[in-house]
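Per our numbering, the very first residue in the sequence shown carries number 7; after that it's consecutive. Glycine is no exception: its CB is placed at the ideal position from the N, C-alpha and C atoms. These notes are about the structure you will find just below.
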Amino acid sequence: MSNTLTTVGLSPRVIFCAVVLIVIVSWIVVAPAVWYVHFRQAFRRWSLWLLRRGQHLEDHLNDQNPPVHDSVGTSSHSPNLIAEDSVAIPLQDVGPQASGFEGIQIE
């Protein structure tokens, strides 16, 4: 076989480099698909475990420190969040500046 390829003009070094290049390109193209099919079920199990773990931790924290709503409508353990049953309008959104009329004087 080597004699036939060398008579065509291909040296063993060129043949070796071509084979190595074909193997590398095939791994780049085929390997992600193989890994996806192989690890798809494991990835689903892992992501579901993470979701369940996060929900478990959230439930555990809520059991230890249940939210207590005060009269303003904010939660005691998360003061930056507004409770679901209250409506609040931030003061900076009220007035002529909020409507886009910064340069107009209202008399």
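Using C-beta distances below 7 Å, list every residue in its chain close to S17, excluding the 5 sequence neighbours before and after it, in chain order. Non-local beta-carbon contacts of S17 in its own chain, meaning distances under 7 Å to residues more than five positions away in sequence, are absent.
According to DSSP, is L16 helix, strand or coil? coil
R50 to L67, Cα distance in whole Å? Roughly 26 Å between the two C-alpha positions.
Rounded to a whole number of angstroms, what is the C-alpha to C-alpha distance between I30 and A39? About 15 Å.
Distance check for A48 and H62, CA to CA, integer angstroms please. 21 Å
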